Amino acid sequence: MSTRSEIGILNKDNTVTSIYCHWDGYPDYNGAILSKYYTDEKIVRELIKNGDLSSLHKNIEPDKKSEHSFDNPQENVCIYYHRDRGEEWTHTSYRTYSNIKEWKKVVKEGWQEYLYLFINGKWYFSSTYNKIKLTDLKKALTMRTHDESNEPANN
């Protein structure tokens, strides 16, 4: 079963540009990858410019010396619907919304379970199960790791 997410960036004019990601949208996977490998605005824009993702990984571009496709993906390389599955760009391109409020509304209506937004060099995220409230991703991941390390062992 997929855990759908939306990955976006807040632009200087307060619009939001984002893409859909089908697999592993939960914070411990997509959130961790975004927090570790996509920390620079230029790299985040590169990720988004290729359109909707089937799955997020730490590398955007495949090694040109080897095949990379949906059916034969290279390890740790993003799989895009257009580039790697040959789907129509008109159905898989990035989208730009007039502001954060509009973006949140559309994402919630689209059944994505998590959303991620890059704002001024920092990732924020929210579940869409309840009211969408953007939270600092790095702090949330750190708290989860800390909480898990303090759990008593099962005997």
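Mapping the sequence shown onto the numbering used here, position 105 (from 1) lands on 607, and the numbers just tick up by one.
Beta carbons are placed, not taken as given, at the ideal position from N, Cα and C, and that holds for glycine.
In this text the structure is predicted, and so the values were computed from the model without any measurement.
query = Can you name, in chain order, every residue of its own chain whose Cβ lies under 6 Å from the Cβ of Asn561, other than the five neighbours on each side?
reply = Asn578, Val579
query = Near Ser629, which residues of its chain fall below 8 Å by C-beta distance, leaving aside the five closest residues on each side in sequence?
reply = Glu615, Tyr616
query = Does the Cβ-Cβ distance between Tyr522 and Glu543 come in under 9 Å?
reply = no
key: Coil, strand or helix - Ser553 by DSSP   = First, the amino acid is wrong: residue 553 is Gly here, not Ser. Correct three-state label for Gly553: coil.
inquiry  = Below 8 Å, is the gap between the Cβ of Asn632 and the nearest heavy atom of the ligand SAM?
reply    = Because no ligand of any kind appears in the structure shown, any question about the ligand SAM cannot be addressed here.
CA-to-CA distance, Arg646 to Asn552, given in whole angstroms = 31 Å
request  = Give the straight-line distance between the Cα atoms of Lys635 and Lys567, rounded to the nearest whole angstrom.
outcome  = 43 Å
query = By how many angstroms is the C-alpha of Thr505 removed from the C-alpha of Leu549?
reply = 19 Å
query = Between the Cα of Ala642 and the Cα atoms of Asn574, Ser537, Glu604, Thr519, which residue gives the shortest distance?
reply = Ser537
query = When the Cα of Asp565 is compared with those of Ser520, Pro575, Leu558, which residue comes out closest?
reply = Pro575
query = Going by alpha carbons, who is nearest to Thr598 out of Tyr540, Trp525, Pro529, Arg547?
reply = Arg547
query = Would Asp554 be called buried (16 or more neighbouring beta carbons within 10 Å of its own) or exposed?
reply = buried
task = Could you spell out where the alpha helix (DSSP H) holding Lys560 opens and where it closes?
result = Lys560 -> no alpha helix (DSSP H), and no H or E assigned at all.
key: Continuous alpha helix (DSSP H) stretch holding Leu636: start and end   = Taken as a continuous stretch (DSSP letters only), Leu636 belongs to no alpha helix (DSSP H), as it is neither H nor E.
ask   = What are the residues that DSSP puts in a beta bridge with Cys523?
value = Ser507, Leu555
Assigned exposure category for Tyr631 - 16 Cβ within 10 Å defines buried = exposed
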